[in-house]
Each structure stands twice: as C-alpha cells, then as structure tokens.
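Just below is one structure, and these are the notes that go with it.
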Amino acid sequence: MNFLFITLFPEQIEQAANHSIIKRGMEAGLITVSCINPRDFATDKHKTVDDTPFGGGAGMVLKPEPMVCAIKAAKEKLPNGRVIAMCPGGRTLKQSVVGEYVDSKQDLIFVCGHYEGFDERIFAYVDEKLSIGDYVLTGGELPALVVMDAVARFIPGVLGKLVSAEDDSFSTGLLEYPQYTRPVEFEGMVVPEVLRNGNHAHIERYRRKEALRATYLRRPDLLGELTKNDAKLLEEIKAELAAKNEDNL
Ligand code: 4FN
Numbered sequence: 000m001n002f003l004f005i006t007l008f009p010e011q012i013e014q015a016a017n018h019s020i021i022k023r024g025m026e027a028g029l030i031t032v033s034c035i036n037p038r039d040f041a042t043d044k045h046k047t048v049d050d051t052p053f054g055g056g057a058g059m060v061l062k063p064e065p066m067v068c069a070i071k072a073a074k075e076k077l078p079n080g081r082v083i084a085m086c087p088g089g090r091t092l093k094q095s096v097v098g099e100y101v102d103s104k105q106d107l108i109f110v111c112g113h114y115e116g117f118d119e120r121i122f123a124y125v126d127e128k129l130s131i132g133d134y135v136l137t138g139g140e141l142p143a144l145v146v147m148d149a150v151a152r153f154i155p156g157v158l159g160k161l162v163s164a165e166d167d168s169f170s171t172g173l174l175e176y177p178q179y180t181r182p183v184e185f186e187g188m189v190v191p192e193v194l195r196n197g198n199h200a201h202i203e204r205y206r207r208k209e210a211l212r213a214t215y216l217r218r219p220d221l222l223g224e225l226t227k228n229d230a231k232l233l234e235e236i237k238a239e240l241a242a243k244n245e246d247n248l
C-alpha cells in the first residue's frame with residue numbers, strides 16, 4: 000500500500016515515517032511513504048503558496064493553483080489513490096473508517112493544510128474530508144500520520160508474525176480489560192486471583208466482563224447490539240454496581 004502526503008513540511012512526515020512499525024513496513028517493501036510539496040508548483044520567484052483571504056480577516060489561505068497541481072501530480076503517481084483532505088470539518092476518524100480504507104485496497108493521498116486552511120475550490124479535486132477529532136491544530140500532518148498508522152497495521156506483515164491486527168485485543172470494539180504482569184503484588188495492589196489460578200474459560204469470561212464494565216462505565220456510546228452472553232454479563236455488572244451504591248449509603 001502506498002501513502003502520499005501533500006504537505007509544505009515533508010520533513011515532518013519523513014521523520015515520523017522513519018520510526019515504529021511504519022519503518023518496518025517500508026523496509027519489508029509492504030508500504031511506501033512519499034511526499035509532494037505544493038511549493039514545488041508555485042510559479043512566482045518567491046514560491047508563494049498562501050495569500051490573504053478575500054473578504055478580509057486574520058491569517059493566510061493556501062492558494063488553489065499549487066495545491067491542485069500537487070493533487071494532480073499525486074494522482075498521476077498513484078492513479079488508484081483516494082484523495083483525503085485533512086480538515087476539522089471532515090467526517091471523524093473511527094476504527095470503522097480505517098476498515099473502509101483497508102478494504103478499499105486503494106492507496107491514500109493525504110492533503111495537509113496549514114495557516115487558516117485551504118481555498119474552498121480545491122475540494123473539487125478531493126474525494127473526501129476527514130478529521131481526527133475536535134481540537135485546534137497547526138497543521139494536517141499529524142492527523143494524516145495518525146490515519147496512516149491506523150491503516151498500516153492492517154497490512155499483512157507490517158505488525159510482524161506474532162500479532163495480526165484482526166485478532167488482536169483491540170478488535171472487539173470494546174475498551175480493553177485490565178492487564179497485569181509480574182510482580183503478583185505491587186505496592187499492596189494484587190493481580191486478580193482468576194488470572195493466576197483460573198482456567199482458560201474463567202479467564203476469558205473475566206476479561207470479557209471487565210472489557211464490558213470499562214466500556215459501560217467510561218464509553219457507553221461504544222456498546223452496540225449485545226449478544227445474549229454479553230447482556231448477561233452486563234446485568235451482573237449493573238447488579239454489582241447497585242449493591243456497591245447501597246453499601247455507600
Ligand atoms: N486544523 C476547529 C475549528 C476551526 C479550526 C480548527 C483548526 C490546521 C489548517 C485547519 C484540526 C483538528 C483535527 C485535520 C479546529 C485537522 C485539523 C484535524 C486541522 C491548519 C487549517 C487546521 C472546532 C475542530 C476545534 C487549523 C475545531 N483532523 N484549524 O484546527 O487541520 O484533520
């Protein structure tokens with residue numbers, strides 16, 4: 000799979016790509032990471048890529064010509080590429096969106112903004128707008144890198160032999176159950192008995208229940224349709240919470 004970043008700051012992408020799992024995927028020939036700099040398509044002697052906004056106001060807007068030239072060059076390099084403009088108004092990145100990108104088998108072309116953002120007319124050359132969440136940032140590079148990280152781990156071989164993204168512990172759609180390693184006792188806090196002495200079935204049940212508990216308490220919005228078994232575990236959790244509240248009275 001090929002990832003191409005349209006960015007005024009290619010060093011930021013290259014630096015990030017030279018670390019972690021992305022580097023391994025590149026070395027294994029499973030992914031490529033490249034950049035196109037819109038500044039290379041600026042035609043004046045100062046290589047101008049931004050200008051003041053029509054109508055007035057603070058800051059600068061990215062001019063459409065160099066951005067669109069860069070997008071066209073990216074599409075020539077990756078004809079099967081999906082052009083994704085990183086912007087706060089896009090649909091929000093979720094694991095389901097990551098799955099869509101993986102399943103599409105398309106290369107990904109990220110358009111990264113700076114200053115006050117893009118001239119509206121570049122969106123005619125974009126397949127979709129995507130956001131990673133609601134906070135003010137200085138550029139679209141970090142969001143685009145987040146998307147690449149989330150997508151790359153699904154490419155067979157990128158994570159290595161031992162773990163595959165599809166059957167790892169994050170693929171349940173729930174928050175993670177609590178995990179422990181040695182020592183059995185740390186500062187008076189003890190690893191739950193079931194994880195030390197329980198059988199496989201008991202451990203599986205404990206982990207499912209604790210994943211449901213964490214999700215119910217902290218991110219109930221992530222709980223979708225429950226299986227019969229999960230519904231039973233959740234009833235137990237609610238009963239336990241109710242009993243605890245009575246104790247507090
Ligand atoms: N951000 C908001 C409202 C208005 C502007 C911003 C903002 C970088 C070029 C866009 C931000 C967040 C998630 C890209 C934010 C993202 C960006 C992203 C982003 C410079 C213009 C800008 C209401 C969300 C707080 C700056 C809200 N995912 N403008 O951050 O590119 O992809």
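For the sequence shown, numbering that gives the first Met the number 0 begins at 0 and goes up steadily by one.
All C-beta atoms, glycine included, are put in the ideal place defined by N, C-alpha and C.
All of these numbers come straight from a predicted model, not from anything done at the bench.
| Item | Value |
| --- | --- |
| Supposed close pair A226, L174 - CB separation, criterion 8 Å | A small correction: the amino acid at residue 226 is Thr; Ala does not occupy that position in the sequence shown. In fact, because the Cβ distance is near 17 Å, the residues do not count as touching under 8 Å. |
| Near the ligand 4FN: V190 beta-carbon under 8 Å from a heavy atom | no |
| Contact test: L129 Cβ vs the ligand 4FN heavy atom, cutoff 8 Å | yes |
| C-beta contact flag for P37 and I5 at 9 Å | yes |
| Ordered list of alpha helix (DSSP H) runs contained in the stretch 139-218, each at least 4 residues | 140-151, 192-196 and 199-217 |
| Bridge partner(s) assigned by DSSP for C34 | F4 |
| Element boundaries [alpha helix (DSSP H), containing V101] | Q94 to S103 |
| Own chain residues within Cβ distance below 7 Å of L7, not counting five before or after | N36, P37, R38, V48 and H113 |
| DSSP three-state assignment for A27, whether helix, strand or coil | coil |
| Proximity test, P65 beta-carbon vs the ligand 4FN heavy atom, cut-off 8 Å | no |
| Any beta strand (DSSP E) of 3 or more consecutive residues that is wholly inside the stretch 109-134 | 127-130 |
| beta-carbon M147 near the ligand 4FN non-hydrogen atom, thresh 8 Å | no |
| Contact check, E117 vs L61, beta carbons under 9 Å | Correcting the residue type first, residue 117 is Phe in the shown sequence and not Glu. Contact flag set, yes. |
| L136 beta carbon near the ligand 4FN (any heavy atom closer than 8 Å) | yes |
| Span of the beta strand (DSSP E) around V82 | G80 to T91 |
| Touching by the beta-carbon criterion (3+ pairs, under 8 Å), the stretch 138-145 and the stretch 175-187 | no |
| The stretch 74-89 in contact with the stretch 99-112 per 3-pair CB rule at 8 Å | yes |
| C-beta atoms of M0 and I154 nearer than 9 Å | yes |
| Chain-order list of residues whose beta-carbon lies under 7 Å from that of V193 (same chain, five-residue window excluded) | H201, I202 and Y205 |
| M85: CB within 8 Å of a non-hydrogen atom of the ligand 4FN | yes |
| Selection from I20, G223, E64 and K208 that minimises the alpha carbon distance to K46 | E64 |
| Coarse secondary structure for L67, derived from DSSP in three states | Reading off the sequence, residue 67 comes out as Val, not Leu. V67: helix per DSSP, three-state reduction. |
| Inter-residue spacing [alpha-carbon to alpha-carbon] between A69 and Q14 | 21 Å |
| Selection from R207, A73 and L29 that minimises the alpha carbon distance to N228 | R207 |
| Residue(s) in a DSSP beta bridge with L107 | F2 and R81 |
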